[in-house]
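Asker: Sending over a structure as structure tokens; questions will come in a sec.
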Amino acid sequence: MGHAASATITRMAHGLNPPQQKAVDTLSGPLLVLAGAGTGKTRVVTYRIAKLIKSGIEADRILAVTFTNKAATEMQERIRSLLGKKTDKQPVACTFHSHCVRVLRRQIQHLGYPAKFSIYDRGDQESLARSVLREIRVPNETLRPGDLLYFIGGWKTKCIRPADAAAVASTDKEHLAAIAYRRYQNGLKQRGAVDFDDLLLLTEELFTNFEDVRRAEAALFDHLLVDEYQDTNGSQYRIVKALAKDHRNLCVVGDDDQSIYGWRGAEVEHILRFASDWPDSTVVWLENNYRSTAEILTLANRLIAFNKKRHPKELKAARSGGQQPRIEQYPNETKEAEGVVADIARLLRHPEWEPNDFAILFRTNEQPRAFETELRRTGLPYVLVGGMSFFDRKEVRDVLAYLKLIDSPNDEVSLLRIINTPPRGLGGKSVETLTKTAVQQGKSLWTIMQQPDIVASLPDAGQRACEELRALVEMFQQRFENESMVDAMRAMLQRVDYESEIKRLYDKPEDQQARMAALEELANALGAYEAKAKKPTLGGFLDDVSLGGPDFKDEKDKQLKRNAIVLMTLHSAKGLEFPHVYMVGMEEGLLPHHRSIAVEGEAIDEERRLCYVGVTRAQDYLTLSMALTRRKWGKPRDTIPSRFLFELIGQAENPHAGNPATRQRPRGAVRKQKSESPPAQPATKSPSTTGKPSTRPKS
Ligand code: ATP
Ligand code: MG
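So in our numbering the end of the sequence shown lands on 702, straight run, no missing numbers.
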């Protein structure tokens, strides 16, 4: 048998090589595993946790922090299978954000927030931003809510608080945003709410300003392990330190070459200075890559060598041989999609491959559309990971707003969302009266709606509606506590008659069905949560939903578990592996992204790391493709092949191998290459008799 068989054996093998074993056996003190892609870093983390538990450490004294919900679930599963079913206590494996939620739920009152704070999602943030801008009379043309959130997000990831934002603002827009930032932050606090970035910032603030809180939180665990440490930002870095400095049992693993969140404030220096931060640390290097074929690794090594600022290291293939990666050129983006999908369809006729052995990876969110169209046309099963989120759908957001209101009635954003949805006689005028009074009296809208004198000033229908909402919230606060939450949710939907609202808004029966199905899916998520959580509460479910954000855990997991071709961005592919990887749109402007081309330097290096992440996801087969023309605003434009293609196949000058002068003009070099010699043969191909991809370009 060929390749797939050996790949399967590799994937099932249970061993550890000597340096991996050393890392797993180092059970205390600071430990750094700095190693390239696919060398078994995540495997080390899971095996080490299992070993700690076997050596007598209580499972629930171990905290493992990973970057995505998916990685956290996977880690829990892997540990469970390593230990067998017998353990009742589980190690805590979660993301930074979800750990911070737990800390804040216990401690946030020290910062003047209610313990029952709500977590604002993007939509909530936008409505707050809009009202802040309205308060300070900034017209939409000057600064849109989205722009404001962009600035605030940028500041928050760099840990710049409102007081310091004005100092770093340079343009007029930024100054305005800095003023609005303060109001936005106050607005959150007034509403008892935090946004996603606050989860980290406030946790850090707690640990810095309240030593006893830090000590108490640190004392909950004896071991801390962090995967993908290269992507920690300043707050995360300091949170890790605060949690680990008493017990010093800190194990971090990562790869400086895969640092791809610099744009969100991650600093690769954190991993590079680990050994000086923790002077007595053990450092383990791993070199053998167990994931990919030697042919794929040759390309990966060649590419990443173009980055100057890095720990020099080479991936060594533990697997021998393999097919040459291919580069395909197509006349346009439609043909690219057709070509890639046809290739997958052809391979799928062979029993050895399943749809979920294939991943199509892209750089931007606009790219998958052509592929989706083609996959739908051919009827192949696929999932788009991280597309328009289930939780962004109107009906889902409405019902979540009801749940949030029941959980905490002072959540004004949620209240305003559903105050007249479905219509109940609280029109714009009445709502305005109520909100104005709330602002004047400095009370929450909900409190105002309970004051008889104020309610009496509303028209009859408005009075009835206030009473109705109050009764609804009270009744369901009881029911969610005392009975199955799924049943309570169903009863609530009936009570507000949300189905009629759907029928009112959508004419077509299939639309109505799809909307109701989405709500059913929400009920399923609630049911799954109820079954899984130790002490299920409505608040706990809502936390889970907010933390999952655009890639809610169960939803995304279910997608990935379905046997379907995976479409995802390079960013979300981090840590994963697939037998067949298609990296599409290998063009200047897409990868590297045009924003980074504009600034060059570090930004291009980060794009190169992103490309490296993509290449190293492939286990057996890698196909890189590009379109020679691509539509922009409806018009086909000529494209330029990505500079990374030339670097990958050795047609560009390697800075470590020779003349650095050529490196100064990579774009020129690429353009010249394009007109004279394309990086590979065009996409005309003869289907090989084996059904396996044919060997392609020379390297
Ligand atoms: P990435 O940098 O992409 O996150 P990683 O370093 O975390 O990669 P893993 O995902 O842990 O690497 O491992 C890559 C693959 O190699 C997995 O399929 C894993 O099971 C396998 N593997 C790791 N170590 C060994 C080993 N000693 N023997 C056999 N297979 C191994
Ligand atoms: Mg990993």
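C-beta: ideal position from N, C-alpha, C; glycine also.
Flag this pair as touching only if the segment 143–163 and the segment 409–421 have three or more C-beta atom pairs under 8 Å; answer yes or no.
Answerer: No: fewer than three Cβ pairs fall under 8 Å.
Asker: Considering only residues of the same chain and omitting the five flanking positions on each side of A181, which have a CB-CB separation below 6 Å?
Answerer: Closer than 6 Å at the Cβ level, and outside the excluded window around A181, lie A168, A169, A172.
Asker: Report the three-state DSSP secondary structure of Q23 (helix, strand or coil).
Answerer: In the structure shown, Q23 sits in a helix (DSSP, three-state: H, G or I).
Asker: Is any heavy atom of ligand 2 found at a distance shorter than 7 Å from the C-beta of K44?
Answerer: Answer for K44: yes, Cβ within range of ligand 2.
Asker: So if DSSP puts M629 in a beta bridge, which residue, or which two residues, is it bridged to?
Answerer: The partner list for M629 (beta bridge, DSSP) reads Q332.
Asker: Note the first and the last residue of the continuous alpha helix (DSSP H) segment covering M478.
Answerer: Taken as a continuous stretch (DSSP letters only), the alpha helix (DSSP H) holding M478 covers 463–485.
Asker: How about the segment 352–365 and the segment 314–334: do they share at least three Cβ pairs that are nearer than 8 Å?
Answerer: Result no; under three Cβ-Cβ pairs closer than 8 Å.
Asker: Under three-state DSSP, which class holds I600?
Answerer: Here I600 sits in helix by DSSP.
Asker: Do you know whose CA, among I347, I409, V197, lies nearest R108's CA?
Answerer: Ranking I347, I409, V197 by Cα distance to R108 puts V197 first.
Asker: Inspect the beta-carbon positions of F647 and R611 and report whether they are closer than 8 Å.
Answerer: For F647 and R611, yes; Cβs fall inside 8 Å.
Asker: Report the rounded CA-to-CA distance for I3 versus R366, giving the unit in angstroms.
Answerer: With the chain running from 4 to 702 in the structure shown, residue 3 is simply not present.
Asker: Could you tell me if R164 is buried or exposed, where buried requires 16 or more neighbouring beta carbons within 10 angstroms of its beta carbon?
Answerer: The residue is exposed, with fewer than 16 neighbouring Cβ atoms inside 10 Å.
Asker: Could you give the distance in angstroms between the alpha-carbon of R267 and the alpha-carbon of G157?
Answerer: Near 7 Å, if we compare the C-alpha coordinates of G157 and R267.
Asker: Considering only the alpha carbon of each residue, which of K192, L151, D280, A468 lies closest to D175?
Answerer: Selected option, being the one with the closest Cα: L151.
Asker: Under the criterion of a Cβ to heavy atom distance below 7 Å, does D230 qualify as lining ligand 2?
Answerer: Yes, the beta carbon of D230 sits closer than 7 Å to at least one heavy atom of ligand 2.
Asker: Output yes or no for whether 8 Å exceeds the beta carbon distance between Y187 and I155.
Answerer: Yes, the Cβ-Cβ distance between Y187 and I155 is below 8 Å.
Asker: Return the chain-ordered ranges of every alpha helix (DSSP H) run that is complete within the segment 77–126 and spans a minimum of 4 residues.
Answerer: Within the segment 77–126, the complete alpha helix (DSSP H) runs of at least 4 residues are 99–110.
Asker: Return the chain-ordered list of same chain residues with a C-beta closer than 6 Å to the C-beta of A521, the five sequence neighbours on each side being excluded.
Answerer: Taken in chain order, the residues that qualify are R396, E398, V399.
Asker: Span of the alpha helix (DSSP H) holding P371?
Answerer: Looking at the DSSP string, the run of the alpha helix (DSSP H) that includes P371 is 371–381.
Asker: Taking its Cβ as the centre, do 16 or more other Cβ atoms sit within 10 Å of W449, making it buried, or is it exposed?
Answerer: Classification for W449: buried.
Asker: Between A630 and T619, is the Cβ-Cβ spacing less than 8 Å?
Answerer: Contact flag unset, no.
Asker: May I have the straight-line CA-CA distance separating I82 from V229, to the nearest angstrom?
Answerer: Rounded to the nearest angstrom, the two C-alpha atoms are 15 Å apart.
Asker: For S31, which of K54, D91, F70 has the nearest alpha-carbon?
Answerer: Minimum Cα distance to S31 is reached at K54.
Asker: Could you tell me which whole beta strand (DSSP E) segments of length 3 or greater appear in the segment 512–596?
Answerer: Complete beta strand (DSSP E) runs here, min 3: 568–572, 581–586.
Asker: Please report the residue range of the beta strand (DSSP E) in which A278 lies.
Answerer: A278 -> not in any beta strand (DSSP E); alpha helix (DSSP H) instead, spanning 277–280.
Asker: Please report the residue range of the beta strand (DSSP E) in which Y385 lies.
Answerer: Its beta strand (DSSP E) spans residues 385–387.
Asker: Hey, how far is the Cα of P644 from the Cα of H597?
Answerer: Each residue's Cα considered, the two are about 13 Å apart.
Asker: Provide the residue span of the beta strand (DSSP E) that contains V36, from first to last.
Answerer: Run containing V36: 34–38, per the beta strand (DSSP E) assignment.
Asker: Please report how far the alpha carbon of Q23 lies from the alpha carbon of V287, in whole angstroms.
Answerer: Cα-Cα distance, rounded: 8 Å.
Asker: Do F224 and V255 come within 8 Å of each other at the CB atom, strictly closer than that value?
Answerer: No. Outside cutoff.
Asker: Using only alpha-carbon positions, find the residue among V499, Q454, S323 that is nearest to L406.
Answerer: Looking at the Cα atoms, V499 is the closest of the given residues.
Asker: Can you check whether the CB of S262 is closer than 8 Å to the CB of Q233?
Answerer: Yes, the pair counts as a contact, with Cβ atoms nearer than the cut-off.
Asker: Quick one, which of G592, E591, D608, V616 has its alpha-carbon nearest V584's?
Answerer: Of G592, E591, D608, V616, the residue nearest in Cα terms is V616.
Asker: Would you list the residues sitting across from K635 in a DSSP beta bridge?
Answerer: K635 is bridged to K638.
Asker: How close, in whole Å, do the beta carbons of D259 and H314 come, if the pair is a contact with beta carbons under 8 Å?
Answerer: About 6 Å; that satisfies the 8 Å criterion.
Asker: From T438 to F199, what distance separates their C-alpha atoms?
Answerer: Rounded to the nearest angstrom, the two C-alpha atoms are 26 Å apart.
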